[in-house]
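Asks:
Structure representation (structure tokens):
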């Protein structure tokens, strides 16, 4: 078992996948393309795997942004590794797939379901996305297992390189979002389930492969991410409708949600170095808090903007007029959310900098817990409220809904 875990966690396995897809690290051309081997070139056996895996994890435990040394030169001290792309079709495909797990998608893709399909589905997706992402992020910073090292791996993303690797939250989020949508949609919208299953499986698979292609996760990270997400879906599925009723109709729902999610943000596991995981997790919790309060308010006002008539309703017909309205809603909605984000972020940072007497030009202060958590939580709670309460009402005023 340890030999298998060592093999699945090996950076060389990721590098071989990248090379098969046409992505080559120029500096690492001399690395072996055969079986995973020890530094002496001997194939891994059980004892070697145990020692090698333990040594690598312990050595990198203090900081996931492990500085690989080669020829007496740390990676960050030498010139940046150069890579060559030999298959641009796969390169673009995997980069687009990876973007499905980035903030850009979350602030555009998920709201699009609210604006153009069904707010009910968007709310449920936000709930499950928040749950799996919080569990995944916390597991990363508790397990503290490293990301693949470069070389031999080509790393195409630098922002999250200081995060730990296990499990892949991209794999978790993709699995949760696409399969939550698949399981929730049949009661709301008429579609062929087999086609939906094929789309959900294909998109999830592409996101998982993109984490290997970008060099950000080992095969083990991705597999564990998928299995954890599937387990969460399996365990929570029977209670989805019960939680829906509580979230929308209980008088204590907003009173519980805001303090609970803010508490989870402040009690996020501490690390001995700065990582983006706490800020990203606070962002997700803030979005969930804002959406939860917003959808509750809509329910109390009797304006949920959900499809009218007998459910499930037919899929909207894609006509030129419908497409134009959809594009209009997308553009107005994105402007509203991005504008809200910018305004609230600016104001909250000014208030916090003044409160803690931080110089205005000290950008590094944003990493301090007492500043990062409240400004991100406030900003994205506002984004969630604007998306769930205000944007659809603006659409009505503009004749877009």
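Numbering (the numbering used here), first residue to last: 40 to 440.
A virtual CB, placed ideally from N, CA and C, is assigned to each residue, including glycine.
(1) Express the C-alpha separation of residue 58 and residue 379 in angstroms, rounding to a whole number.
(2) Just the C-alpha distance for residue 258 and residue 193, rounded to the nearest angstrom, thanks.
(3) If you count every other CB in all the chains shown that lies within 10 Å of the CB of residue 114, and 16 or more means buried, which is it?
(4) For residue 262, tell me which candidate among 214, 414 and 162 has the shortest Cα-Cα distance.
(5) Tell me the residue span of the alpha helix (DSSP H) that contains residue 416.
(6) Thinking C-beta only, is residue 254 closer than 8 Å to residue 195?
(7) Which of the three DSSP states, helix, strand or coil, is assigned to residue 303?
(8) Please name the residue in 163, 206 and 164 whose C-alpha comes closest to that of residue 316.
(9) Which of the three DSSP states is assigned to residue 323 in this structure?
(10) Going straight from the alpha carbon of residue 208 to that of residue 136, what length do you get?
(11) Give me the Cα-Cα distance between residue 268 and residue 246, rounded to the nearest whole angstrom.
(12) Just verifying my parser: in three-state terms, what is the DSSP assignment at residue 231?
(13) Relative to the C-alpha of residue 356, which residue among 230, 437, 326 and 51 is closest?
(14) Could you tell me if residue 394 is buried or exposed, where buried requires 16 or more neighbouring beta carbons within 10 angstroms of its beta carbon?
(15) Do residue 332 and residue 308 come within 8 Å of each other at the CB atom, strictly closer than that value?
(16) Can you give me the C-alpha to C-alpha distance between residue 125 and residue 177, rounded to a whole angstrom?
(17) Can you give the Cα-Cα distance for residue 86 and residue 49, rounded to whole angstroms?
(18) Pick helix, strand or coil for residue 56, following the three-state DSSP scheme.
(19) Compare the C-alpha of residue 181 against each of 217, 202 and 322 and name the closest.
(20) Tell me, please, which residues DSSP counts as bridged to residue 63.
(21) Determine the closest residue to residue 187 out of 52, 329 and 408, with distance taken between C-alpha atoms.
(22) Entirely within the region 139-216 and at least 3 residues each: give me those beta strand (DSSP E) ranges in chain order.
(23) Hey, could you find the ends of the alpha helix (DSSP H) residue 270 is sitting in?
(24) So who's on the other strand from residue 352, going by DSSP bridges?
(25) When you compare the region 232-241 with the region 360-368, are there three or more beta-carbon pairs, one atom per stretch, that lie closer than 8 Å?
(26) Taking the continuous alpha helix (DSSP H) assigned at residue 389, which residues delimit it?
(27) What residues in its chain sit with their C-beta under 6 Å from that of residue 337, if we drop five residues either side in the sequence?
(28) Please go through the same chain and pick out, in chain order, the residues whose beta-carbon is closer than 8 Å to the beta-carbon of residue 352, but skip the five residues on each side of it.
(29) What is the DSSP secondary structure of residue 48, counted as helix, strand or coil?
(30) Do residue 416 and residue 325 have their CB atoms nearer than 8 Å?
(31) Return the Cβ separation of residue 252 and residue 62 in integer angstroms, given the expectation that the two are a contact with Cβ distance under 8 Å.
(32) How far does the alpha helix (DSSP H) with residue 432 in it extend, from its first residue to its last?
(33) Is it right to say residue 349 is buried, meaning 16 or more other beta carbons lie within 10 angstroms of its own, or is it exposed?
(34) Since residue 175 contacts residue 264 with CB under 8 Å, what's their CB separation in whole angstroms?
(35) Can you have a look at residue 411 and say buried or exposed, based on whether 16 or more other CB atoms are within 10 angstroms of its CB?
Replies: Working from what's here:
(1) Start at 1 with the first residue of the chain shown, and residue 379 comes out as number 340. Start at 1 with the first residue of the chain shown, and residue 58 comes out as number 19. Answer to the nearest angstrom: the Cα atoms are 42 Å apart.
(2) Position 219 of the chain shown, counted from the first residue, corresponds to residue 258. Position 154 of the chain shown, counted from the first residue, corresponds to residue 193. The straight-line gap from Cα to Cα measures roughly 15 Å.
(3) Taking the first residue of the chain shown as 1, we reach residue 114 at position 75. For residue 114, the pLDDT reaches just 39, beneath the cut-off of 50, and the residue's location in the model is therefore unreliable, although a value from the coordinates is still provided. Buried: at least 16 other Cβ atoms inside 10 Å.
(4) Residue numbering aside, residue 262 sits at position 223 when the chain shown is read from its first letter. Sorting 214, 414 and 162 by C-alpha distance to the C-alpha of residue 262 places 214 at the top.
(5) On the chain shown, residue 416 is found 377 positions in, with the first residue counted as 1. Taken as a continuous stretch (DSSP letters only), the alpha helix (DSSP H) holding residue 416 covers 408-424.
(6) Translated into positions along the chain shown, residue 195 becomes position 156. Translated into positions along the chain shown, residue 254 becomes position 215. Cβ atoms of residue 195 and residue 254: closer than 8 Å.
(7) For the purposes of this step, residue 303 is taken as residue 264 along the chain shown, with counting starting at 1. Of the three classes helix, strand and coil, the one that applies to residue 303 here is helix, per DSSP.
(8) What you label residue 316 is simply residue 277 of the chain shown in a count that begins at 1. It is 206 whose Cα lies nearest to the Cα of residue 316.
(9) Walking along the chain shown from the start, residue 323 turns up at place 284. Under the three-state reduction of DSSP output, residue 323 falls in the helix class.
(10) For the purposes of this step, residue 208 is identified with residue 169 of the chain shown, where counting begins at 1. For the purposes of this step, residue 136 is identified with residue 97 of the chain shown, where counting begins at 1. Answer to the nearest angstrom: the Cα atoms are 14 Å apart.
(11) Reading the chain shown from its first residue, position 229 is the one you call residue 268. Reading the chain shown from its first residue, position 207 is the one you call residue 246. It is roughly 14 Å from the alpha-carbon of residue 268 to the alpha-carbon of residue 246.
(12) Translated into the one-based positions of the chain shown, residue 231 becomes position 192. Of the three classes helix, strand and coil, the one that applies to residue 231 here is coil, per DSSP.
(13) Stepping through the chain shown from its first residue, residue 356 is reached at position 317. Measuring from the Cα of residue 356, the nearest candidate turns out to be 230.
(14) Within the chain shown, residue 394 is the residue found at index 355, counting from 1. Answer is exposed; the Cβ neighbour count stays below 16.
(15) For this step, residue 308 is matched to residue 269 along the chain shown. For this step, residue 332 is matched to residue 293 along the chain shown. Not in contact: residue 308 and residue 332 (Cβ atoms no closer than 8 Å).
(16) The residue you call residue 125 lines up with position 86 of the chain shown. The residue you call residue 177 lines up with position 138 of the chain shown. Straight-line Cα distance between these residues: approximately 37 Å.
(17) Residue 86 sits at position 47 when you count from the first residue of the chain shown. Residue 49 sits at position 10 when you count from the first residue of the chain shown. Confidence is the limiting factor: at residue 86 the pLDDT is only 48, short of 50, which leaves the residue's position unreliable, though a coordinate-based value still follows. The alpha-carbon atoms of residue 86 and residue 49 are separated by roughly 15 Å.
(18) If you number the chain shown from 1, residue 56 lands on position 17. When secondary structure is reduced to three states using DSSP, residue 56 falls in the helix class.
(19) Counting from one through the chain shown, the residue named residue 181 turns up at place 142. Of 217, 202 and 322, the residue nearest in Cα terms is 202.
(20) Within the chain shown, the letter at position 24 stands for residue 63. BP columns for residue 63 point to 123.
(21) As a working note, residue 187 is residue 148 in the chain shown. Nearest of 52, 329 and 408 to residue 187, Cα basis: 52.
(22) none
(23) Within the chain shown, residue 270 is the residue found at index 231, counting from 1. From DSSP, the alpha helix (DSSP H) with residue 270 extends over 258-275.
(24) In the chain shown, the residue the question calls residue 352 occupies position 313. In DSSP, residue 352 forms a bridge with 228.
(25) no
(26) What you label residue 389 is simply residue 350 of the chain shown in a count that begins at 1. Residue 389 -> alpha helix (DSSP H) spans 359-394.
(27) The residue given as residue 337 occupies position 298 in the chain shown. Closer than 6 Å at Cβ, skipping near neighbours: 343.
(28) As a working mapping, residue 352 is identified with position 313 in the chain shown. Closer than 8 Å at Cβ, skipping near neighbours: 227, 228, 229 and 346.
(29) Your numbering for residue 48 matches position 9 in the chain shown. If DSSP states are grouped into helix, strand and coil, residue 48 belongs with the helices.
(30) Here residue 416 is taken as the residue at index 377 of the chain shown, counted from 1. Here residue 325 is taken as the residue at index 286 of the chain shown, counted from 1. Yes, Cβ-Cβ distance for residue 416 and residue 325 is below 8 Å.
(31) One-based indexing of the chain shown puts residue 252 at position 213. One-based indexing of the chain shown puts residue 62 at position 23. Their Cβ separation, rounded to whole angstroms, is 7 Å, which keeps residue 252 and residue 62 in contact under 8 Å.
(32) As a first step, residue 432 must be located in the chain shown, where it is residue number 393. For residue 432, the enclosing alpha helix (DSSP H) starts and ends at 430-437.
(33) Translated into the one-based positions of the chain shown, residue 349 becomes position 310. By the neighbour-count rule (16 or more Cβ atoms within 10 Å), residue 349 is not buried but exposed.
(34) Within the chain shown, numbered from 1, the residue matching residue 175 stands at position 136. Within the chain shown, numbered from 1, the residue matching residue 264 stands at position 225. That pair is a contact at about 7 Å.
(35) Taking the first residue of the chain shown as 1, we reach residue 411 at position 372. Residue 411 is buried by the Cβ-count criterion.
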